[in-house]
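J.: The opening position of the sequence shown corresponds to residue 57 in the working numbering, with each subsequent residue numbered one higher. Let me give you the structure first, and then I'll get to my questions.
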Amino acid sequence: MYELQPNDIQAAEYGGAVAIGVCTGIFSREVLHEASHKEKPAIILENLTNIQNFLSVCGLPEGDF
């Protein structure tokens, strides 16, 4: 499993992407949000227990998964 780090949020945003992260490691939601640009903050999810929520954040249609 890959552990999301604050610099991953910054790298995604630097590359022009909307950063979407899931708290799977030692970094809290607050720490990951602080790493994000303030004018277009990253989307940080606590977990992936609600897959429909994740798909919605990604702009994908709901499906039978």
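Beta carbons: idealized from backbone N, C-alpha and C, even for Gly.
What is the rounded straight-line gap between the Cα of Asn109 and the Cα of His93?
T.: Distance between the alpha carbons of Asn109 and His93 is about 23 Å.
J.: Roughly how many whole angstroms lie between the Cα atoms of Glu95 and Ala67?
T.: Between Glu95 and Ala67, the C-alpha separation is close to 16 Å.
J.: Using a Cβ-Cβ cut-off of 8 Å (strictly less than) and excluding sequence neighbours within five positions of Val87, which residues of its own chain qualify?
T.: So the list reads Pro62, once near-sequence residues are dropped.
J.: Step through the CB atoms of chain D and report whether any lies within less than 9 Å of the CB of Cys79.
T.: Among the chains of the structure shown, chain D does not appear; only one protein chain is present.
J.: Using DSSP with H/G/I as helix, E/B as strand and the rest coil, what is Leu101?
T.: It is a strand residue.
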